[in-house]
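Asks: Those letters in the sequence shown? Residues 9 to 97, per the numbering used here, in order.
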Amino acid sequence: MAKAVTEIRSLARSHTRTALNVLVAVMRNTKATPPARVAAANAILDRGWGKPTQSLGNDENALELIHRIERVIVQPDHVDAENPDRESL
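1. Rounding to the nearest angstrom, what Cα-Cα distance links N50 and A20 in this structure?
2. As a quick exercise: from P42, A10, A48, pick the residue whose alpha carbon is nearest that of V30.
3. Starting from S22, follow the alpha helix (DSSP H) in both directions and report where the run begins and ends.
4. In the structure shown, what three-state DSSP assignment does R40 receive?
5. Alpha carbon to alpha carbon, how far is K11 from S22?
6. Taking the alpha-carbon positions, what's the A33 to L71 distance?
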């Protein structure tokens, strides 16, 4: 199975230049729909620069999320202190 995945990946990568040229052509085509042009531009940027990181909100919300995930994973039987009739997440 791993050999098949490697072969498919290799085949797909062999078409990288053509695929990128198609994306550039769509992005530059003034007759293409705006969503198609934006999608092509985003695909080009993602491949060239990587996808932008997404914020979880402010630091307090991120920390709260981490603590809630930890309670679910580490202490799955923990009861939510704010709502004792309901289990956390």
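Quick reminder that beta carbons are idealized off the backbone N, C-alpha and C, glycines included.
Replies: Short version:
1. Looking at the backbone, the Cα of N50 and that of A20 are separated by about 19 Å.
2. The shortest Cα separation from V30 among P42, A10, A48 belongs to A48.
3. No alpha helix (DSSP H) holds S22; DSSP gives it neither H nor E.
4. Sequence inspection shows Ala at residue 40; the Arg mentioned does not correspond to that position. A40: coil per DSSP, three-state reduction.
5. Taking the CA atoms as reference points, K11 sits about 17 Å from S22.
6. For A33 and L71, the distance between alpha carbons rounds to 44 Å.
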